[in-house]
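In what follows, a structure is listed as structure tokens, so that the remarks can point back to it.
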Amino acid sequence: MTVAAASPAPPRRTADTVRRVLGEALRLTRPVEARISPDGRHVATAAATPHGARLVLTPAAASPDGAPHGPGPGAPAAERHTPRWLPDSRTLLHVAEPPGGGPARLDALDTGDGTVRTLAQLPGAVEELHVCDDGREALALCAADGAERDGMHLGLPVRLGPAPAPERFAPGLGARTLHHVDLADGRRTEVSPPGLTVWNAAWRGGTLAVATVGEDPLPGGYYEARLARLDLAARTATTLYTPAGQLAAPSLSPDLRTAAVVEGISIVSGRPVTVDLATGAVGRPAGTEDATWLHHAADGTLWYAGWDTHGSRVGHAGPEPRVLWRDTVTLGGPAFQPALSLSADGRLAATVLDAPGRAPETVLAPTSGPDAWQWRPVTALNPDPGPGLAALTTEETRWHAPDGTEVHGLLMYAGPRAAGPRPLALLVHGGPAWLWSAGYAPGDVLGLAPALAAAGHLVLLANPRGSSGRGLDHARAVVGD
């Protein structure tokens, strides 16, 4: 690619445009996670706003122009996130964080009348919340004060109150543990094996869980975690699989016979690994790359969502892998990775969709029939995202490295592409095993991409070797280089 020299815009005008469009990006309401009710009639969205996290409830069949609703006016003030439906499709379990700081609560929202009741106090920041299949129990993965986050959280600490000065991390601080909650009486019990940090878990009820675990509570322990079978009553762990890379997104089959987990590197996207819980046999389904989310359906089918070059992909993993949908858009979920939520019968899927020219919203699609995978918005969280963002164009580009390897990237710019030469800004994402994905206002590197493009730059978002989206071998190509 040849880039001609260009005269930059006056510094003051450029700076003003950067500030204005960066402000537009920061004012966006970003849906973080979408959950469809078991009966497929409502969708709950956890949304990050400039004023904190909130829940947005919308009917699945309604136009997004309708007014969304959430907890009623009498609900105690809190930032609310991590929605989980109970089987009655009316009660929405979720995490509530007090506005003044402190440990989180487990709250239940009656979506019929808007009332909220607190079920239990939780001993830290809740990073995962699971509901058992019959809706009587919950399992929360809690990070204690001082826990250092990993991956896309950039090592920022969990703080339930004022941070110490200077901030510090040390072995033995900030453990991540599992806590069982009886939803009938709110009784909370720690069920983690002593001495182990739990990074991710899968659970369907009872005393059996599978989890990625390790002895080191610092992020280095996440990169060395193994898959274990947990007995929550005895608080013991049995190793099922020790990986060569990192693990994420465990899943457990409804019959409790099979576990699955994604194996990759760094901010994990990778290949599924399955483990027979009776025999310990390990399987590696072929043909599935860059998975970030796994889900065992009622019929035993292993679903996945993940990256596909600059976009996203949904499919079935297993002996006969099948891609159900793929496109150059970003499907969002927890930890900024593609994920879905399926209705109980598997006929409807909900997720967050973010794409060039399309501000992020919660979307819904049937999984079969003539309209399969035609995503329809069910929220209107960003009706007027701003003129600077709306004027941007994003297109795919590719070129060859000196050794002939094809490299992919995205170009972002304002106005007509043929408007003449302009200065080039190359923005490098983190990683390895991360990527620039096709979105409305990419937020990595401090959100500078749309702001610089609006100010007259041609912005190149490159995905060289080491990036996600092109398979695990492509991501591993920079290891040790």
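Sequence positions in the sequence shown follow my numbering and run 27 to 507. All C-beta atoms, glycine included, are put in the ideal place defined by N, C-alpha and C.
Using the DSSP secondary-structure output, state which residues sit across from Asp65 in a beta bridge.
Paired residues: none, contrary to the question.
Taking the alpha-carbon positions, what's the Trp425 to Val433 distance?
So the two alpha carbons sit approximately 5 Å from each other.
Pop quiz: Ser277 and Trp333 are said to be a contact at Cβ under 8 Å. What is the actual Cβ separation, rounded to whole angstroms?
Contact doesn't hold; Cβ gap of about 18 Å is too wide.
Do Thr423 and Tyr439 come within 7 Å of each other at the CB atom, strictly closer than that value?
Not closer than 7 Å, so no.
Got a sec, what are the start and stop residues for the alpha helix (DSSP H) Ala477 sits in?
Per DSSP, Ala477 belongs to the alpha helix (DSSP H) from Leu474 to Ala480.
Can you name the start and end residues of the beta strand (DSSP E) that His107 belongs to?
Start and end: Glu105 to Trp111.
Spatial neighbours of Pro490 within its chain, please: C-beta separation below 7 Å, excluding the five flanking residues on both sides.
Val433.
Quick check on Asp507 - is its C-beta less than 7 Å from some C-beta in chain D?
This model lacks chain D altogether, as it is built from one protein chain only.
Would Glu346 be called buried (16 or more neighbouring beta carbons within 10 Å of its own) or exposed?
Under this definition Glu346 is an exposed residue.
Would the region 216–223 and the region 238–251 be scored as touching if the rule is three or more Cβ pairs under 8 Å?
As far as the Cβ criterion goes, the region 216–223 touches the region 238–251, which means the pair count is three or higher.
In angstroms, rounded to a whole number, what distance separates the CA positions of Thr40 and Ala477?
Going from the Cα of Thr40 to the Cα of Ala477 covers about 9 Å.
Would Gly161 pass as a contact of Leu112 if the rule is Cβ separation under 7 Å?
Yes. Within cutoff.
Given a threshold of 16 other Cβ atoms within 10 Å of its Cβ, counted over all protein chains shown, does His68 qualify as buried or as exposed?
With 16 or more other Cβ atoms within 10 Å, it is buried.
How should Leu118 be labelled, buried or exposed, when 16 other C-beta atoms within 10 angstroms of its C-beta is the threshold for buried?
Leu118 should be labelled buried.
Leaving out the 5 sequence neighbours to the left and right, which residues in its chain are closer than 8 Å to Ala173 when beta-carbon positions are compared?
So the qualifying residues of the chain are Gly150, Ala151, Pro183, Val184, Leu199, Gly200, Ala201, Arg202 and Pro243.
Assuming contact is defined by CB atoms lying nearer than 7 Å, are Arg579 and Arg143 in contact in what I supplied?
The structure shown does not extend to residue 579, since the chain is modelled only from 27 to 507, so the question has no answer here.
Classify His455 as buried or exposed, calling it buried when 16 or more other Cβ atoms lie within 10 Å of its own Cβ.
Answer is buried; the Cβ neighbour count reaches 16.
Determine the direct distance from the alpha carbon of Pro409 to that of Ala488, and round the result to whole angstroms.
Looking at the two C-alpha atoms, the distance is approximately 30 Å.
Give the secondary structure of Tyr330 by DSSP, where H, G and I count as helix, E and B as strand, and everything else as coil.
The answer is strand: DSSP assigns Tyr330 an E or B state.
If you measure between the beta carbons of Ser369 and Ala60, is that distance less than 7 Å?
No, Cβ-Cβ distance for Ser369 and Ala60 is not below 7 Å.
Hey, Val340 and Leu328: beta-carbon distance below 7 Å or not?
Taking 7 Å as the Cβ cut-off, Val340 and Leu328 do not qualify as a contacting pair.
Tell me which residue opens and which closes the alpha helix (DSSP H) that Leu204 is part of.
Per DSSP, Leu204 belongs to no alpha helix (DSSP H); it is in the beta strand (DSSP E), Arg202 to Asp208.
From what residue to what residue does the beta strand (DSSP E) around Tyr249 run?
Tyr249 -> no beta strand (DSSP E), and no H or E assigned at all.
What residue range does the alpha helix (DSSP H) around Arg502 cover?
Counting along the chain, the alpha helix (DSSP H) containing Arg502 begins and ends at Leu498 to Arg502.
Please list, in chain order, all residues of the same chain as Ala31 whose beta carbon is under 8 Å from its beta carbon, the five residues on each side excluded.
Residue placement at Ala31 is flagged as unreliable, the pLDDT there being 44, under the threshold of 50; the coordinate-derived value follows with that caveat. Cβ neighbours of Ala31 beyond the five flanking positions: Pro447.
Kindly provide the ranges of any beta strand (DSSP E) runs that are 3 or more residues long and lie completely inside the region 264–294, ordered along the chain.
Counting whole runs of 3 or more residues, the region 264–294 contains the beta strand (DSSP E) stretches 272–278 and 284–290.
For the alpha helix (DSSP H) containing Leu415, list its first residue and its last residue.
Note, Leu415: alpha helix (DSSP H), Pro413 to Ala416.
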